[in-house]
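Trainee:
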Amino acid sequence: MEEGGSAGNYQWSGLKVKVDSWFSQFRNGSNPWMARYVYGFMFLIANLMAWAVRDYGSSLLTEMERLKGCHGVKDCLGAEGVLRVSLGCFLFYFTMFLSTVGTSKLNEPRDSWQSGWWSPKIVMWVSFIIIPFVLPAKIIQLYGEIAHFGAGFWYCSVRVFLLIQLISIICFIKWLNEWCQSTKSERCRIYVMLLATTAHVVCLVGIILMYIWYAPEPTCLLNIFFITWTLVLLQLMTSVSLHPNVNAGILTPGLMGLYIVFICWFAIRSEPAGTSCNKKAEDSTKTDWLTIISFVIAVLAMVIATFSTGIDSKCFQFRKDEPVSEDDVPYGYGFFHFVFATGAMYFAMLLIGWNTHQSMKKFTLDVGWASTWVRIVNEWIAYGCWWLQSYGRADKRRNPLKLSKFISTSCPSHRLYIWECPSIGLEDQNSARTLEEPPQAAMGSSAAGTLHR
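Structure below.
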């Protein structure tokens, strides 16, 4: 009870800071919630600057003495310009990481530095962006090699965060399917059937279009493999879901099918242009509005993913939850800036296609064989997560009296409570929950207690 009370006081304190200080206390440097949005906006500006340097800064970069090593090659100039902006952004956030790591209590001097002193920090940010443009090309090339490893860490950390989100989505789909199966409303079941049928039809249409667009010839073996294997995964998910021991219906494989078909399509679109199999890439000789919109969405998604991962520092701590107090910081300041520092390396790799000598068209992002294979592997991981959930469901079917323990991530903003007892209804689950109820479970209603985020 004491821990629950401390957590409640902490949440109320954080809410009070966000409400009372959203505008009034920003200049005074006492609002860490507002500060994270400012850092995220600065990161977005750095992304846009790197893109502008790559696509439109070649004429300016040719006049710079430090870039003479490129000998006027446009691709080299764009890649080096991106790396220089990335290096400046990395230096800023890494400096913030060193100056805020270990901060645990509010009203400390480092907490004030995190949430205030914006004029000096803006000057420092601008200075760090400018300094790399006067450094020798060899230093920039060395940073480009190091950025591969830093970007890899960012990608892994964000993938862990997205994996948590994926598990949450799978659990929600499963809960929705079970709730609609247990309810007596025929209208809900009709909606489920319509949604599931639409999802399966869209999946099949997507598979057919990918065959037409990206596998026009029998020699396109790799694309045929990607698309065919995605179709096999769709069939496997449907078969497993309809198995008597699972009996999950067609809604779950339909919605998950949409996800893996989208990943497959995105992976094939990441293949570099110039191959006879990627007709869509060859036909896009000029930039269209769809390309621009896709680029903008991709940049915003990367910034949001970096921002979300940075504030969920507890997701990456392999230790039990500890009681919190009112004066604890709302998120790990050091980890927040470290994720942004590695994110600066990651957006550089996306803009240059993980290759400093690769040609990148305007408004393109993350194009290359490395990006293609990363997304394909991500598709297989998504199917693996869904299969594990289905296997757990089948295990509970074989043991109908077994109520699974709740699964809780240590993320404050992405907490999951998964309760499975397929042989009983929602009312019986609510009564069974009283046998072993988590401390925070009282925050949610009984009807929505199956999944609490």
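Numbering-wise, the working numbering comes out as the position in the sequence shown, counting from 1, plus 1007.
All C-beta atoms in this analysis are idealised placements derived from N, C-alpha and C, irrespective of residue type, glycine included.
1) On the criterion of 16 or more Cβ atoms from any shown chain inside 10 Å, does G1088 qualify as buried, or is it exposed?
2) Suppose contacts are defined by Cβ-Cβ distances below 8 Å. Is N1054 in contact with F1269 by that definition?
3) Considering only the beta carbon of each residue, do L1216 and G1151 sit closer than 8 Å?
4) With C-beta atoms as the reference, is F1140 less than 8 Å away from A1348?
5) Rounded to the nearest angstrom, how far is the Cβ of G1264 from that of A1206, given a contact under 8 Å?
6) Quick one: Cα of M1356 to Cα of V1133, how far?
7) Beta-carbon within less than 7 Å of K1128's beta-carbon, same chain only, minus the 5 sequence neighbours each way: which residues are those?
8) Return the CA-CA distance between V1306 and P1116, expressed in angstroms with no decimal places.
9) Buried or exposed: where does I1180 fall if 16 or more other Cβ atoms within 10 Å of its Cβ makes it buried?
10) What is the DSSP secondary structure of K1369, reduced to helix, strand or coil?
11) For D1335, which residues does DSSP report across the bridge?
12) For A1057, which residues of its own chain have a beta-carbon under 7 Å away from its beta-carbon, when the five flanking residues on both sides are left out?
13) Give me, in chain order, the residues of the same chain whose beta-carbon lies closer than 8 Å to that of N1184; leave out the 5 immediate sequence neighbours on both sides.
14) Taking the alpha-carbon positions, what's the V1310 to Q1148 distance?
15) Can you check which of these residues, S1122, L1113, M1131, A1086, is closest to F1099 by C-alpha distance?
16) For S1111, which residues in the same chain have their Cβ closer than 7 Å to its Cβ, ignoring the five residues on either side in sequence?
17) Contact check, F1135 vs G1350 under 8 Å by CB: the rounded distance?
18) Could you check the C-alpha separation between P1225 and F1232 for me, to the nearest Å?
19) Going by beta carbon distance, what residues of the same chain come within less than 6 Å of D1062, once the five residues before and after it are set aside?
20) Return helix, strand or coil for V1268, following the three-state DSSP convention.
21) If you reduce the DSSP assignment to three classes, tell me which class R1277 lands in.
22) Excluding sequence positions up to five away, which residues of its chain have a Cβ less than 6 Å from the Cβ of W1361?
23) Are S1106 and W1124 close, meaning C-beta to C-beta below 8 Å?
24) Let's test the definition: count the other Cβ atoms within 10 Å of the Cβ of P1279 and tell me whether it reaches 16, buried, or not, exposed.
25) According to DSSP, simplified to helix, strand and coil, what is T1313?
26) Can you look up C1210 in the DSSP assignment and give me helix, strand or coil?
27) What is the C-beta distance between M1352 and A1154, in whole angstroms, given that I count them as a contact (C-beta under 8 Å)?
28) Would you decide whether A1308 is buried or exposed? Buried here means 16 or more other CB atoms lie within 10 Å of its CB.
29) To the nearest angstrom, report how far apart L1113 and V1060 are at their CA atoms.
30) Name the residue from L1229, I1197, Y1266 whose alpha carbon lies nearest to the alpha carbon of V1209.
31) On a CA-only basis, which of V1212, S1122, Y1046 is nearest F1314? Give me that one, please.
32) Should Y1221 be labelled buried (16 or more other beta-carbon atoms within 10 Å of its own) or exposed?
33) Count the other CB atoms, across all protein chains shown, that sit within 10 Å of the CB of Y1390; report buried if there are 16 or more and exposed otherwise.
34) For N1385 and P1251, what's the separation of their Cα atoms in angstroms?
35) Is N1385 helix, strand or coil by DSSP?
36) Please identify the residue among C1284, L1229, I1146 whose C-alpha is closest to the C-alpha of G1095.
Mentor: With the given structure in hand:
1) Buried is the call here.
2) In this structure, F1269 does not lie closer than 8 Å to N1054 by Cβ.
3) No, Cβ-Cβ distance for L1216 and G1151 is not below 8 Å.
4) Contact flag unset, no.
5) Their Cβ separation, rounded to whole angstroms, is 6 Å, which keeps G1264 and A1206 in contact under 8 Å.
6) C-alpha separation (whole angstroms): 22 Å.
7) There are no such residues.
8) Taking the straight line from one Cα to the other gives about 34 Å.
9) Taking all protein chains shown into account, I1180 has 16 or more neighbouring C-beta atoms within 10 Å of its C-beta and is therefore buried.
10) Three-state result, K1369: coil.
11) Answer is K1112.
12) So the list reads V1089, V1092, S1093, F1354, A1355, L1358, once near-sequence residues are dropped.
13) Contacts found: V1199, A1255, G1256, L1258, T1259.
14) Rounded to whole angstroms, V1310 to Q1148 spans 25 Å at the Cα level.
15) It is M1131 whose Cα lies nearest to the Cα of F1099.
16) Cβ-Cβ distances below 7 Å link S1111 to D1335, V1336 in the same chain, with the five nearest sequence neighbours on each side left out; the list follows chain order.
17) Under the criterion of beta carbons closer than 8 Å, F1135 and G1350 do not qualify as touching, at roughly 15 Å.
18) Spanning the alpha carbons of P1225 and F1232 requires a straight line of approximately 11 Å.
19) Only residues of its own chain outside the window of five on either side were considered, and among them K1369 have a CB closer than 6 Å to the CB of D1062, listed in chain order.
20) DSSP places V1268 in helix when its eight states are reduced to three.
21) The residue you asked about is not Arg; residue 1277 is Ser in the sequence shown. Here S1277 sits in coil by DSSP.
22) Beyond the five residues adjoining it in sequence on each side, W1361 comes within less than 6 Å, by CB distance, of G1375, A1377 in the same chain, given in chain order.
23) No, these two residues do not count as a Cβ contact at 8 Å.
24) Label assigned to P1279: buried.
25) Helix at T1313.
26) Three-state DSSP puts C1210 in a helix.
27) With a Cβ gap of about 4 Å, M1352 and A1154 count as contacting.
28) By the neighbour-count rule (16 or more Cβ atoms within 10 Å), A1308 is not buried but exposed.
29) The C-alpha of L1113 lies about 39 Å from the C-alpha of V1060.
30) Nearest option by C-alpha distance: Y1266.
31) Of the listed residues, the one whose Cα sits closest to F1314 is Y1046.
32) It counts as buried.
33) Counting Cβ neighbours within 10 Å, Y1390 comes out buried, since at least 16 surround it.
34) Approximately 29 Å, taken between the alpha carbons.
35) In this structure, N1385 counts as helix in the three-state DSSP scheme.
36) Taking only the C-alpha atoms, the option nearest G1095 is I1146.
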